[in-house]
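Trainee: I have a structure here, written as structure tokens, and I will follow up with some questions on it.
There are 2 protein chains.
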Amino acid sequence: MGIKKTLLEDIAKELNVSKTLVSMVINGKGDAYGISKKTQEKVLSKAGEMEYTPNVFARALRTGKSHLIGLLVADISNPFYSHIAKYVEKELAAKGYNLMICSTGENIEREEKLISLFAEQHMIDGLIIATTSTSGGFFKKERLRNFPIVFIDRYLPDIETNYVVANNYQGSFELTDLLIHKGCKNILALNITPSHISSLTERVKGYKDALKKYAIPFKEENLMEISFDNIQNDVRSKLLKRLKSNNKIDAIYTLNNHIATACLNLFNEIGFDANKEGIYFASFDDISLFDFVKPNIISVSQPVEQIGIEAANLTLELIDNKGVETAIKKVVLPTSIISRN
Amino acid sequence: MGIKKTLLEDIAKELNVSKTLVSMVINGKGDAYGISKKTQEKVLSKAGEMEYTPNVFARALRTGKSHLIGLLVADISNPFYSHIAKYVEKELAAKGYNLMICSTGENIEREEKLISLFAEQHMIDGLIIATTSTSGGFFKKERLRNFPIVFIDRYLPDIETNYVVANNYQGSFELTDLLIHKGCKNILALNITPSHISSLTERVKGYKDALKKYAIPFKEENLMEISFDNIQNDVRSKLLKRLKSNNKIDAIYTLNNHIATACLNLFNEIGFDANKEGIYFASFDDISLFDFVKPNIISVSQPVEQIGIEAANLTLELIDNKGVETAIKKVVLPTSIISRN
DNA sequence: AACGATATCTAAACTTGTTTAGAATTTACT
DNA sequence: AGTAAATTCTAAACAAGTTTAGATATCGTT
């Protein structure tokens, strides 16, 4: 048994005032409620002396505000998400909010369970989410109607929501365009299945449209689907087969960093040197270590810091304007190409 | 205004029973309190129908348990920590606990503030922390006396606490030993300043002891201190100077992944190829992408998954045995050398 | 002195659950 | 029939704050 926590009441008793007064002063509402300066000082110094810290649960129960924001991502160990998390947290901390991060593992049921726990029960004041859902059905629930939610990285096309995403279409278009400029005519794109996620479909669209721009016909066999649950094995079997075939490619374009890493692993295993083979290697999602990796990687870098900051602020804005009917905000941020070599 | 949340009382009214009864049934204590099976079924089905979810704050306020565990690390975007976080979360989720992750940015004041907020106010039931503190003073506070805390990655030598760490000494010893076996006699170690953190001091000790084993005298100039706040610039100026000097080295050993990355950046900038220069490059902390990086990196890999799992379980154990005087657990897990090339 | 206005403070209600102490009913047994 | 025991349930207290409505004291004014 540690020492008993100091309560509002304890301070009140010490000073012979009401706990109402103490509460008011501690919340900085002393002036608003006409508490004399002298009393305010007494309260504050006594609270400091007694090391008072409010009970967050009692406070949250009464006020309905927890000053907690939830962040739901597929996998916190993915550097893309962990960097976003870092900046979201930094931005929120400056405004007196804390962050609860949870991974869904791209599992819809777990995602929905967490949203229920967090949002429907109002454990958190707002939610930032890189959803793994296919459709917006779940988010249309009456109970979530007025809850502050900001989508990041991915949005759901069938519902109107606030979101902050990178311009996946444009980034993918520019990357493909660059590859074509370098002389590529047979660019193999590796995508994740199931690929209903908006960021991926837009990347595919950007790829296809860039081909179209140069009148290069899109070939089905140049869009390879890699199963999310089995990335490494799928890449090994499918890509290897293709590399050995007569259907020569002049570029490999992985649609996210997971697949890129799997490809690099494969190259390593079989001693394949893309650069020597005259094959460009490109990827959406930049990772800092790509700078030192062999082969050279041409990549699309997303503005993670900006995504984090904007998502945090948009969420806080929604919380402040809760109840007020505000226009939905769709933030699309530009990406940049990192053309190594 | 969304729809009003269903309360215990709402269910009670619908069924003409007391909210006490509803609470008991919902918490699975129906049998223990002798509530008839028929009534239990009625309550559960009505609760499902009305989509009841308990208010976590009211519950936590009354029970003093939040089912929340805090994880405090220097930087969640560091892959070492984000991977630990992933496994901690996974393990906790299976036991009905949720994780609150916060970054301290190696800032002691922020760390102490977060601990106050989380632990002293009992917002969380337990804390897992990679502390940035120098000494255990803060943790000796009366108010934290009986609070479940598990240290990871780093421990404080001056207090007796539960911890789960990698065997930093052994890993560093083995790595240095390997370099010596490869013929190195002048191994430059790059450390972080301030380096009071236990994991770093032990790595230094392992390095020195391995030298001693082979009667290689330790030279002060071969332990370079890099400032945490300015890693890249410090590496650039200090390491560059050394590389240009006549004091030739035959290996560079970075004591964590941050410094390793900074070195790689420098090499890239100046077009330095360690392998060609006959210099081995080694690092504590393995990152998966190291596999594809040039130069070859010999690294010490920490058992992140195991650290995460053990830390989670140890924390839950402490929570279960709260109040009971249990022996302190110090878990030291073996590392493994990844010798590329 | 009496009045309202102002300044300062407080008692009690309220947030939503959990827990305690005990009530009401039925069954069991002498 | 009457008491003890078991079964099933409930009223009220409680967790620790915030908020509301109103009390008390002081002051200025006529």
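In order, the protein sequence lines correspond to chains A and B.
First residue of the first sequence: 1, per the numbering used here; consecutive thereafter.
First residue of the second sequence: 1001, per the numbering used here; consecutive thereafter.
Ideal placement from N, C-alpha and C gives every residue a C-beta, glycine not left out.
The model shown is predicted, which means the values in this text are computed figures rather than measured ones.
#1: Residues of chain A with CB under 8 Å from B:T1261, in chain order?
#2: Span of the alpha helix (DSSP H) holding A:T315?
#3: Would you list the one or two residues that DSSP bridges to A:A251?
#4: Check the Cβ-Cβ distances between A:F292 and every residue of chain B, and say whether any is below 8 Å.
#5: Residues of the region 225–240 of chain A with a CB closer than 7 Å to any CB of chain B: list them in chain order, please.
#6: Smallest Cα separation from B:E1317: which of B:P1217, B:G1126, B:E1014?
#7: Would you give the residue range spanned by the alpha helix (DSSP H) that B:E1112 belongs to?
#8: Please list the residues of the region 1096–1124 of chain B that have a C-beta atom closer than 9 Å to any C-beta atom in chain A, keeping them in chain order.
#9: Compile a chain-ordered list of the residues in the region 325–336 of chain A whose CB is closer than 9 Å to at least one CB of chain B.
#10: I need the boundaries of the alpha helix (DSSP H) containing A:N257, first residue and last residue.
#11: Is it true that the CB of B:F1218 sits closer than 8 Å to the CB of B:K1205?
#12: Can you grab the Cα-Cα spacing for the pair B:S1301 / B:V1164, in whole Å?
#13: Should A:V56 be flagged as near chain B, meaning a C-beta pair shorter than 8 Å?
#14: Whose C-alpha, out of B:K1330, B:A1282, B:K1065, B:V1324, is nearest the C-alpha of B:S1339?
#15: Can the beta-carbon of B:S1103 be found closer than 8 Å to that of A:K86?
#16: Mark B:M1001 as exposed unless 16 or more other C-beta atoms lie within 10 angstroms of its C-beta, in which case mark it buried.
#17: Is the beta carbon of A:I128 less than 8 Å from the beta carbon of A:I69?
#18: Checking the sheet assignment: what are the DSSP bridge partners for B:K1330?
#19: Should A:I298 be flagged as near chain B, meaning a C-beta pair shorter than 8 Å?
#20: Taking only beta-carbon positions, decide if A:K140 is within less than 8 Å of chain B.
#21: Give a yes or no on whether the C-beta atoms belonging to B:Y1052 and B:T1006 are separated by under 8 Å.
#22: Which chain A residues sit within Cβ distance under 7 Å of B:T1053?
#23: Output the distance between the C-alpha atoms of B:N1027 and A:A119, rounded to the nearest integer angstrom.
#24: What three-state label does DSSP hand B:T1335 in the structure shown?
#25: Less than 8 Å between the C-beta atoms of B:P1157 and B:S1198, yes or no?
#26: Does any C-beta atom of chain A lie closer than 8 Å to the C-beta of B:N1082?
#27: Under 8 Å between C-beta atoms, does B:N1247 make it to chain A?
#28: With DSSP as the reference, label A:N98 as helix, strand or coil.
#29: Measuring alpha carbon to alpha carbon, tell me which residue in B:L1266, B:M1100, B:I1149 is nearest B:E1089.
#30: Tell me whether A:R143 is buried or exposed, calling it buried when 16 or more other Cβ atoms sit within 10 Å of its Cβ.
#31: Spell out whether any CB of chain A is found under 8 Å from the CB atom of B:K1212.
#32: Under a CB-based cut-off of 8 Å, is B:E1089 close to chain A?
#33: Below 8 Å between beta carbons: does that hold for A:I307 and A:Y280?
#34: Sort out for me which residues DSSP pairs A:T193 with in a bridge.
#35: Got a sec, what are the start and stop residues for the alpha helix (DSSP H) B:S1198 sits in?
#36: Using only alpha-carbon positions, find the residue among A:I270, A:L200, A:N55 that is nearest to A:N167.
Mentor: Answer, in terms of the structure:
#1: S288, L289
#2: 304–320
#3: A:I187, A:Y280
#4: yes
#5: none
#6: B:G1126
#7: 1108–1115
#8: N1098, L1099, M1100, I1101, C1102, S1103, G1105, R1110, L1114, S1116, L1117, F1118, E1120, Q1121, H1122, M1123
#9: none
#10: 257–270
#11: no
#12: 15 Å
#13: yes
#14: B:A1282
#15: yes
#16: Residue placement at B:M1001 is poorly supported in this model, since its pLDDT is 39, which falls under 50; the coordinates still yield a value, given next. Under this definition B:M1001 is an exposed residue.
#17: yes
#18: B:Y1163
#19: no
#20: no
#21: yes
#22: S116, E120, Q121
#23: 21 Å
#24: coil
#25: yes
#26: Just to set this straight, residue 1082 of chain B is Ser in the shown sequence, not Asn. So, interface residue.
#27: no
#28: strand
#29: B:M1100
#30: buried
#31: no
#32: yes
#33: no
#34: A:S227
#35: 1198–1213
#36: A:L200
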